[in-house]
Amino acid sequence: QTNMNLLLAAVTLLVFYAAKFFYSNFWVPWRTERHFKRQGIGGPGYRPIFGNTSEIRRLYAEAKSEASASPPPFHHDIMGRVAPFYDRWSRAYGKTFLYWFGSTPRLAVTEPDMIKEVLMNTRGEYVKVPFNPQSKLLFGQGLVGLEGDQWALHRRIINLAFNLELVKVQCFLEASSLF
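Dropping the structure here:
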């Protein structure tokens, strides 16, 4: 009897985890892609478990090998070398597209109004992509890396520096001191 109960518990647990795996790695991504496609937002298709990470890695390797084969001509359009996946997918799917980092969807946005809405949002509707350790060293605890109340406080402090009237007064004072 106890062996049967243990076997039943193990099978129930296995079925539970299999359903949870299927739900999070197949059902939710499929629903998310369908939702965005109805709004006209495309992107590279979702691949179970790994998402688009293998393609991102491949595009980085291609960009690195092209750069090392022959020095690229100097120009200011460096997106193809810095973020080759973004460069290729934005040309293929438009400036706003959906891609996958594992089973986590990421929406790439370049429209200034949408970026402003995301940056000005204080309700927490938009979640920032967490930094990897190297990025955290680069950006530190600046406005880019903060969220929530800390972000709102820093944003309020920084906002004063970009007040147009204060900038005009500062420019006027600097210009008048030159004479």
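According to our numbering, the sequence shown is numbered sequentially starting from 8. From the three backbone atoms N, C-alpha and C, an ideal C-beta is built for every residue, glycine too.
query: Can you tell me where the beta strand (DSSP E) with residue 34 in it begins and where it stops?
result: Sequence index remark: in the sequence shown, residue 34 carries index 27 (1-based). Unbroken run through residue 34: none, as it is neither H nor E.
task: Report yes or no: do three or more beta-carbon pairs, one from the segment 99–115 and one from the segment 54–61, lie closer than 8 Å?
output: With a cut-off of 8 Å, the segment 54–61 and the segment 99–115 count as touching, because enough Cβ pairs lie within range.
field: Boundaries of the beta strand (DSSP E) in which residue 115 is found, first to last residue
entry: Along the sequence shown, one-based indexing puts residue 115 at 108. Its beta strand (DSSP E) spans residues 111–115.
field: Through-space distance from residue 38 to residue 9, alpha-carbon basis
entry: Sequence index remark: in the sequence shown, residue 9 carries index 2 (1-based). Sequence index remark: in the sequence shown, residue 38 carries index 31 (1-based). Computed Cα separation, rounded: 41 Å.
Bridge partner(s) assigned by DSSP for residue 58: As a first step, residue 58 must be located in the sequence shown, where it is residue number 51. Beta bridge pairing from DSSP links residue 58 with 108.
- request: Could you tell me whether any Cβ in chain D is nearer than 7 Å to the Cβ of residue 154?
  value: Among the protein chains of the structure shown there is no chain D, as only one such chain exists.
- prompt: Excluding five sequence neighbours on each side, which residues of the same chain lie with their C-beta closer than 8 Å to the C-beta of residue 103?
  reply: On the sequence shown, position 96 is the one that residue 103 refers to. Taken in chain order, the residues that qualify are 48, 114, 115, 116, 117, 118, 121.
- request: Output yes or no for whether 7 Å exceeds the beta carbon distance between residue 93 and residue 50.
  value: Taking the first residue of the sequence shown as 1, we reach residue 93 at position 86. Taking the first residue of the sequence shown as 1, we reach residue 50 at position 43. Cβ distance not < 7 Å, so residue 93 and residue 50 don't count as in contact.
- prompt: Quick one: what does DSSP say residue 138 is sitting in, helix, strand or coil?
  reply: Position 131 of the sequence shown, counted from the start, is the residue given in the question as residue 138. Annotated three-state conformation of residue 138 is coil, per DSSP.
- request: State buried or exposed for residue 74, treating a residue as buried only when at least 16 other CB atoms are found within 10 Å of its CB.
  value: Sequence index remark: in the sequence shown, residue 74 carries index 67 (1-based). Residue 74 should be labelled exposed.
query: Rounded to the nearest angstrom, how far is the Cβ of residue 150 from that of residue 161, given a contact under 8 Å?
result: As a first step, residue 150 must be located in the sequence shown, where it is residue number 143. As a first step, residue 161 must be located in the sequence shown, where it is residue number 154. About 5 Å; that satisfies the 8 Å criterion.
message: Looking at the secondary structure, which residues open and close the alpha helix (DSSP H) in which residue 153 lies?
response: Residue numbering aside, residue 153 sits at position 146 when the sequence shown is read from its first letter. Under the DSSP assignment, residue 153 falls outside any alpha helix (DSSP H); it carries neither an H nor an E label.
- request: Could you spell out where the alpha helix (DSSP H) holding residue 52 opens and where it closes?
  value: Sequence index remark: in the sequence shown, residue 52 carries index 45 (1-based). Note, residue 52: premise wrong, no alpha helix (DSSP H); not H, not E.
Buried or exposed (CB count within 10 angstroms, at least 16 for buried), residue 137: Counted from its first residue, the sequence shown places residue 137 at position 130. An exposed status is given to residue 137, since fewer than 16 other beta-carbon atoms sit within 10 Å of its beta-carbon.
message: I believe residue 40 touches residue 105 by the beta-carbon criterion, under 8 Å. Please report the beta-carbon distance rounded to the nearest angstrom.
response: Numbered from 1 along the sequence shown, position 33 holds the residue referred to as residue 40. Numbered from 1 along the sequence shown, position 98 holds the residue referred to as residue 105. Right, their Cβ atoms sit about 7 Å apart.
- prompt: Is it buried or exposed for residue 36, if we count other Cβ within 10 angstroms and need 16 for buried?
  reply: Here residue 36 refers to the residue found at position 29 when the sequence shown is read from its first residue. Its Cβ being crowded by 16 or more others within 10 Å, residue 36 is buried.
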